[in-house]
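Have a look at the structure below before the remarks.
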Ligand code: GLN
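Residue numbers (our numbering): 2 to 543.
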């Protein structure tokens with residue numbers, strides 16, 4: 002029997018609903034249950050693929066090529082369950098499906114309305130593509146009280162009613178702020194938020210209260226009383242020093258026990274969370290530290306590189322070191338000398354990116370890393386910049402660039418107009434729609450035997466996730482390889498360069514895909530483990 006847990010948020014955004022959902026998923030798994038996590042986002046974009054990282058943070062890509070919310074990254078990292086296209090939906094997608102159905106005449110002349118047609122489409126999504134999991138956790142994006150989330154809340158209210166309490170549960174995440182002027186914790190915002198939910202017909206079963214200090218028993222009682230929730234089901238969710246402590250700490254506060262109790266499942270067995278505790282221990286007590294420069298464009302907003310910073314931390318955990326991240330806006334290299342900013346770092350990472358702004362700075366960073374033998378990791382755009390650097394500065398191809406920036410005499414990176422996915426040929430042109438038309442999702446890559454990457458992966462071929470429109474131009478292979486840069490990973494048909502490396506450099510690797518998306522705390526990605534290992538070696542030199 003599949004049970005559904007609906008997770009909503011109140012008072013303010015950014016309370017960590019995604020991590021909370023992911024942690025509950027991990028705790029239920031630790032209890033022996035199977036889980037899937039889903040995200041319902043109320044905005045009107047069909048998916049976050051076309052949104053600016055400043056607006057939305059990172060776009061997380063699934064194996065099956067969906068562009069989704071970064072919370073799906075938390076879900077995967079905490080539960081190890083690979084997300085699918087069917088685990089993420091927005092108002093935009095729901096409406097576009099409903100409208101497409103209306104155009105086809107599927108509603109047989111009926112008036113199409115938010116209730117029941119939109120809410121039905123939401124309910125369908127929630128219950129689709131389930132393969133007998135014990136629990137489906139559905140997180141509703143946004144905050145209760147937003148106009149745009151109303152259809153989602155109405156849909157989960159209806160579902161709660163249809164499924165009954167034995168198969169559904171509502172969890173609400175709120176804030177209990179400390180008002181320093183008064184020297185008091187305030188429960189009123191939580192009361193208001195629950196009142197808002199009750200007004201929509203939803204009685205929360207469990208309340209998670211984000212709080213920066215212990216919740217006094219009297220406040221817990223008060224929240225329980227006013228919000229109509231059992232006292233033990235008012236769970237203090239205290240700030241913690243590392244995100245890996247969250248499942249441990251929520252368990253200690255009784256979260257999983259209360260959830261299981263709601264479903265009348267056994268809840269008092271002792272849980273073994275040693276693997277989480279070990280990770281926390283390693284994060285808290287590193288044996289050394291390294292500094293990695295991330296040379297990118299969206300560095301002011303850390304959420305834009307969520308999976309990346311997590312993957313670097315996983316690489317640190319694997320090497321027992323703390324990884325300091327030095328976020329550098331690449332545009333600064335147009336005004337200031339790279340040496341000033343990069344001399345002290347132990348590794349340079351140029352992450353994914355779009356557009357010409359700041360690109361020259363990234364190219365300079367790649368040049369610095371190559372010339373100074375500093376470990377360099379180029380991810381997607383970062384690989385393309387390294388290829389342009391080699392073309393211009395070693396191969397002597399003047400004006401070499403990517404067609405993403407306009408015309409160039411040497412398009413060493415260019416628009417790929419045709420490629421093969423499974424049995425299907427996919428085509429793109431400059432004028433194709435922007436949304437959902439990149440090379441997206443998991444693709445195989447064959448590694449050159451004897452290359453560093455094949456040693457790192459310990460496998461002849463791999464699968465990694467992509468999200469890009471442009472490709473390194475295979476027609477320049479010979480000229481580029483003469484620079485010493487080797488095409489060490491290729492698509493199986495040998496047309497798309499997927500990885501490059503300089504065998505004569507301590508660690509210089511570019512990858513066309515996004516390995517950070519598959520890294521997990523318990524399973525650090527081999528490229529990140531190896532990159533941090535190289536940074537540790539570098540730290541002994543500088
Ligand atoms: N802008 C580049 C492309 O579309 C790189 C994209 C990325 O880094 N994800 O190919």
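In this text, a Cβ means the ideal position worked out from N, Cα and C, and glycines have one as well.
Secondary structure of residue i, DSSP reduced to three states
i           : result
residue 149 : helix
residue 132 : coil
residue 203 : coil
residue 54  : helix
residue 179 : strand
residue 96  : helix
residue 24  : helix
residue 237 : strand
residue 264 : coil
residue 193 : helix
residue 439 : coil
residue 107 : coil
residue 327 : strand
residue 213 : coil
residue 355 : coil
residue 316 : helix
Member of the options whose CA lies at the smallest distance from the CA of residue i
i           : options               : result
residue 15  : 530, 148 and 71       : 71
residue 304 : 57, 525, 17 and 490   : 57
residue 227 : 275, 196, 209 and 331 : 196
residue 404 : 52, 317 and 389       : 389
residue 398 : 341, 456, 479 and 449 : 479
residue 382 : 127, 524, 402 and 39  : 402
residue 501 : 386, 261 and 122      : 386
residue 134 : 79, 5 and 230         : 5
residue 507 : 139, 349, 258 and 35  : 349
residue 298 : 117, 334 and 281      : 334
residue 342 : 240, 359 and 369      : 369
residue 207 : 262, 396 and 417      : 262
residue 95  : 528, 114 and 353      : 114
residue 537 : 293, 523, 493 and 392 : 293
residue 186 : 177, 194 and 517      : 177
residue 127 : 75, 7, 148 and 20     : 7
residue 412 : 163, 474, 539 and 121 : 474
residue 146 : 167, 190 and 168      : 190
residue 22  : 517, 308, 391 and 73  : 73
Near the ligand GLN: residue i beta-carbon under 8 Å from a heavy atom
i           : result
residue 354 : yes
residue 59  : no
residue 246 : no
residue 472 : yes
residue 235 : no
residue 499 : no
residue 468 : yes
residue 509 : no
residue 382 : yes
residue 324 : no
residue 439 : yes
residue 465 : no
residue 414 : yes
residue 390 : no
residue 193 : no
Cα-Cα separation between residue i and residue j, rounded to whole angstroms
i           : j           : result
residue 12  : residue 505 : 55 Å
residue 329 : residue 250 : 34 Å
residue 3   : residue 91  : 23 Å
residue 313 : residue 306 : 11 Å
residue 511 : residue 532 : 11 Å
residue 345 : residue 372 : 15 Å
residue 415 : residue 440 : 13 Å
residue 221 : residue 235 : 7 Å
residue 238 : residue 458 : 38 Å
residue 316 : residue 347 : 14 Å
residue 63  : residue 50  : 12 Å
residue 248 : residue 33  : 15 Å
residue 481 : residue 469 : 21 Å
residue 509 : residue 394 : 16 Å
residue 93  : residue 471 : 27 Å
residue 367 : residue 153 : 46 Å
Contact with chain C by residue i, beta-carbon distance below 9 Å
i           : result
residue 358 : Here chain C cannot be found, since the structure has a single protein chain.
Within 8 Å, do at least three Cβ pairs link the region 305-322 to the region 288-296?
Because the criterion of three Cβ pairs below 8 Å is met, the region 288-296 and the region 305-322 touch.
Should the region 373-380 be regarded as contacting the region 457-468, the criterion being three or more beta carbon pairs within less than 8 Å?
As far as the Cβ criterion goes, the region 373-380 does not touch the region 457-468, which means the pair count is below three.
Take every Cβ of the region 184-203, pair it with every Cβ of the region 152-166, and state whether three or more of those distances are shorter than 8 Å.
These segments touch.
Report yes or no: do three or more beta-carbon pairs, one from the region 445-456 and one from the region 353-360, lie closer than 8 Å?
For the pair of segments examined, the region 445-456 was found not to touch the region 353-360: the number of CB pairs separated by less than 8 Å stays below three.
Whether or not the region 211-220 and the region 271-282 are in contact is what I'm after, with contact meaning three or more pairs of Cβ atoms, one per stretch, closer than 8 Å; do they touch?
At 8 Å Cβ cutoff, the stretches do not touch.
Check whether the region 96-109 and the region 140-151 touch, using three or more Cβ-Cβ pairs below 8 Å as the test.
No, the region 96-109 does not touch the region 140-151.
Across the region 166-184 and the region 78-92, are there enough close Cβ pairs to call them in contact, namely three or more that are closer than 8 Å?
Between the region 166-184 and the region 78-92 there are fewer than three C-beta pairs closer than 8 Å, too few to call the two in contact.
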